[in-house]
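> Following this message is one structure expressed as structure tokens.
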Amino acid sequence: MPIANLDDIQLAYDDRGSGSPAVLIHGFPFNRSLWNEQIEALSGSHRIITPDLRGFGESESSSGTATMRRMAEDVARLMDALEIENATLGGLSMGGYVVLAFYKQFPARVSGLVLADTRPQADTEEAKQGRAQQAERALAEGMATIADAMLPKLLTPETVAKRPSVVKRVRDMMMSTKPAGAAAALMGMAAREDQTELLSTINVPTLIMVGRNDAITPVQDSQNMHERISGSRLVIIENAGHVSNIEQAERFNAELGSFLDG
Ligand code: MLT
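All the letters of the sequence shown, read from the start, carry residue numbers -5 to 256 under my numbering.
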């Protein structure tokens, strides 16, 4: 597993395939293995880079709040280490928050955007309080409470009932997350800024994808982004919830592949 030594932290990542690079950022509380199906399907024809964000997977954790801005800076420093000037940046959910923070700081380094099951708005006050409670519980009790609360919101009821291997895969990913990393990211998501105004400044090709049954970042959020991002393409994936890239990997990969080809 490659490791990048950045200023204050070591980040694990995978770098597969060749051609124009696409950096795919996982959501919360996952890790770079979220993108296994995309790497398998697309790295034969594209270069796909998948970091573990700070505090996740095999990357180191940092103390304090892991802001979306900080995570975006980590991605930029990883690109520096790989001598990549610009890339397509894609993110699912929290990964999308990081991608929007990246675009805000480094627009010249973005050649295209993929915003999957995500949203631009900041947390409400109520949501911020919920994050603080979740962070405390993760630190006190471990990841099971978060995993059990999130699981039914991540997948469609049909997947929960009929695809035990998908349920196990998603739950195992969450359970393998370090509580300290999850708590730092929860505080970072609570502190994130509203990026709604940024959307109308986006001037690179943008693909927006969302599961029809996404219970965390509903279709309406993606429709709003689509209306604000000029020339963007919106794809609503049927029979998928929040982790649409896993639940309907074939459809997701077909759309992502043709976007990267274009
Ligand atoms: C994610 O999937 O990254 C999270 O559900 C995002 C969030 O909690 O806002």
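Cβ coordinates follow ideal geometry from the N, Cα and C atoms, glycine included.
(1) Does the count of Cβ pairs from the region 230 to 239 and the region 26 to 34 closer than 8 Å reach three?
(2) DSSP on Pro158, reduced to helix/strand/coil?
(3) Can you tell me which of the three DSSP states Gly256 falls into?
(4) By DSSP, does Ile223 sit in helix, in strand, or in coil?
(5) Kindly indicate which three-state DSSP category Ala185 falls into: helix, strand or coil?
(6) According to the neighbour-count rule (16 or more other Cβ atoms, all chains shown, within 10 Å of its Cβ), is Thr150 buried or exposed?
(7) Taking 7 Å as the cut-off, is the beta-carbon of Ser27 closer than that to any non-hydrogen atom of ligand 1?
(8) Does the Cβ of Gln4 have 16 or more other Cβ atoms within 10 Å, making it buried, or fewer, making it exposed?
(9) With hydrogens ignored, establish whether the beta-carbon of Ser87 is closer than 7 Å to any heavy atom of ligand 1.
(10) Quick check: Tyr91 and Met183, are their CB atoms within less than 8 Å of each other?
(11) The beta strand (DSSP E) with Ser105 in it runs from where to where?
(12) Who are Gly85's beta bridge partners in DSSP?
(13) Verify the contact flag: Phe22, CB atom, against every heavy atom of ligand 1, threshold strictly below 7 Å.
(14) What residue range does the beta strand (DSSP E) around Pro45 cover?
(15) Give a single yes or no on whether Ile140 has its beta carbon closer than 7 Å to a heavy atom of ligand 1.
(16) Quick one: residues in its chain with C-beta nearer than 7 Å to the C-beta of Val213, no 5 flanking neighbours on either side, listed in chain order?
(17) My output table needs one value for Leu94: the three-state DSSP class, helix, strand or coil.
(18) Which residue marks the beginning of the alpha helix (DSSP H) containing Thr171, and which one marks its end?
(19) Based on Cα-Cα distance, which residue from Ser39, Ala185, Glu119 lies nearest to Thr61?
(20) Nearest CA to the CA of Lys122: which residue from Ala177, Ser39, Pro15?
(21) Can you tell which of Gly58, Ala143, His40, Gln128 has its C-alpha closest to the C-alpha of Ser12?
(22) Is Asp2 near Ser56, with beta carbons less than 8 Å apart?
(23) Which of the three DSSP states, helix, strand or coil, is assigned to Ile33?
(24) Using CA coordinates, which residue listed in Ile78, Met219, Ser252, Ile223 is at the minimum distance from Pro15?
(25) Kindly give me the distance between the Cβ atoms of Ile33 and Ile42, rounded to whole angstroms, as I take these residues to be in contact under 8 Å.
(26) Would you say Gly251 and Leu76 are within 8 Å of each other, going by their C-beta atoms?
By the coordinates alone:
(1) yes
(2) Here the question's residue 158 lines up with position 164 in the sequence shown. Residue state, collapsed to three classes: helix.
(3) Start at 1 with the first residue of the sequence shown, and residue 256 comes out as number 262. Correct three-state label for Gly256: coil.
(4) Against the sequence shown, residue 223 aligns to sequence position 229. Looking at Ile223 - three-state DSSP - the assignment turns out to be coil, as it is neither helix nor strand.
(5) Here residue 185 refers to the residue found at position 191 of the sequence shown. If DSSP states are grouped into helix, strand and coil, Ala185 belongs with coil.
(6) Sequence index remark: in the sequence shown, residue 150 carries index 156 (1-based). Buried, because 16 or more other Cβ atoms sit within 10 Å of the Cβ of Thr150.
(7) The residue labelled residue 27 in the question sits at position 33 within the sequence shown. Incorrect: Ser27 has no Cβ contact closer than 7 Å to ligand 1.
(8) The residue given as residue 4 occupies position 10 in the sequence shown. Classification for Gln4: exposed.
(9) Here residue 87 refers to the residue found at position 93 of the sequence shown. Checking every heavy atom of ligand 1 against the Cβ of Ser87, one is found closer than 7 Å.
(10) Looking up residue 91 in the sequence shown gives position 97. Looking up residue 183 in the sequence shown gives position 189. Yes, Cβ-Cβ distance for Tyr91 and Met183 is below 8 Å.
(11) As a position in the sequence shown, residue 105 is number 111, starting the count at 1. Looking at the DSSP string, the run of the beta strand (DSSP E) that includes Ser105 is 104 to 110.
(12) Stepping through the sequence shown from its first residue, residue 85 is reached at position 91. DSSP lists Ile19, Leu109 as partners of Gly85.
(13) Translated into positions along the sequence shown, residue 22 becomes position 28. Yes, ligand 1 has a heavy atom inside 7 Å of this Cβ.
(14) Counting from 1 along the sequence shown, the entry for residue 45 is found at position 51. That run of the beta strand (DSSP E) goes 41 to 45.
(15) Along the sequence shown, one-based indexing puts residue 140 at 146. Not under cutoff, so the answer is no.
(16) Here the question's residue 213 lines up with position 219 in the sequence shown. Around Val213: Val204, Arg206, Ile230.
(17) Reading the sequence shown from its first residue, position 100 is the one you call residue 94. In this structure, Leu94 counts as helix in the three-state DSSP scheme.
(18) Within the sequence shown, the letter at position 177 stands for residue 171. Element bounds for Thr171: n/a, residue is neither H nor E.
(19) Within the sequence shown, numbered from 1, the residue matching residue 61 stands at position 67. The residue with the shortest Cα to Cα distance from Thr61 is Ala185.
(20) The count along the sequence shown starts at 1 and reaches residue 122 at position 128. When each option's Cα is compared against that of Lys122, the closest is Ala177.
(21) Here residue 12 refers to the residue found at position 18 of the sequence shown. The candidate whose alpha carbon is nearest that of Ser12 is His40.
(22) Locating residue 2 in the sequence shown gives position 8, counting from the first residue. Locating residue 56 in the sequence shown gives position 62, counting from the first residue. Closer than 8 Å, so yes.
(23) For the purposes of this step, residue 33 is taken as residue 39 along the sequence shown, with counting starting at 1. Correct three-state label for Ile33: helix.
(24) Residue numbering aside, residue 15 sits at position 21 when the sequence shown is read from its first letter. Here the closest residue by C-alpha is Ile78.
(25) Residue numbering aside, residue 33 sits at position 39 when the sequence shown is read from its first letter. Residue numbering aside, residue 42 sits at position 48 when the sequence shown is read from its first letter. Rounded, the Cβ-Cβ distance is 5 Å, consistent with contact.
(26) Taking the sequence shown and counting its residues from 1, one reaches residue 251 at position 257. Taking the sequence shown and counting its residues from 1, one reaches residue 76 at position 82. It is not a contact, given that the beta carbons lie outside the stated cut-off.
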